[in-house]
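Here the structure comes first, spelled out in structure tokens, and everything after it is commentary.
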Amino acid sequence: MARVLLKFAITILAILLANGALQTLARCRYTSDYNDFDGDGDSDGGDLTCLYPWSKDGNDLPAEPRTSFYSDLNNCLRVLSNKCSRQNYNCIFHKKKISKDCSRKLVEMGRECDESLIWTLTNTRGYPYKSDIIRERSYKAFERCEKAVNRDRGWCR
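According to mature numbering (1 follows the signal peptide of the UniProt record, and there is no 0), the residues represented by the sequence shown are -20 to -1, 1 to 137, in order.
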């Protein structure tokens, strides 16, 4: 039962994080946004399907660092809409903006949830991006959203 719930949570996590990129992934084409994830100016190359870090059966996810980690993470993700999940993904991976409404939802979800989400993503077996850069971008995105919400402004960038 726990394995089924874990696979369900993994599926939701994968859909929410990658929803903005699913059509591109299905076409397996590059866009300029996908070429340089580490910001060093050179292409990080590879087939776009290699950039999709989740396996079909969910067995590539890291072991839970604590009991009920994935269950708690699933509850965190309920705060974000699909639209806001896409905006968060695009902010982190493509340096796009997050709307005021989605900034609020991200802050409502909380930093601990955001960090858990990024931990899961960057510790997934086969994850192709430079984890330290993605963690840094996620931290900055959350921080900017938090400031924007506190100032009642609306952009995360």
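Virtual Cβ for every residue (Gly too), placed ideally from N, Cα, C.
All figures in this text were calculated on a predicted structure; none of them were measured in a lab.
A contact between stretches requires three or more CB pairs, one per stretch, nearer than 8 Å, and the segment 64 to 84 meets this requirement with the segment 115 to 131.
In the three-state scheme derived from DSSP, where H, G and I count as helix and E and B as strand, Lys85 is classed as helix.
Between Cys56 and Lys85, the C-beta gap is not smaller than 8 Å, which leaves the two residues out of contact. Considering only Asp81, Gly90, Ser61, Thr100, the residue with the shortest C-alpha distance to Pro45 is Thr100. Of the residues Asp52, Pro42, Ser83, Lys110, the one whose Cα lies closest to the Cα of Arg66 is Ser83. When secondary structure is reduced to three states using DSSP, Val59 falls in the coil class, being assigned neither helix nor strand. Note on Ser96: 16 or more other CB atoms within 10 angstroms of its CB, so buried under the neighbour-count rule. Asn62 counts as exposed, since fewer than 16 other beta carbons sit within 10 angstroms of its beta carbon.
Taking all protein chains shown into account, Asn130 has fewer than 16 neighbouring C-beta atoms within 10 Å of its C-beta and is therefore exposed. CA-CA distance, Ile98 to Arg58, rounds to 16 Å.
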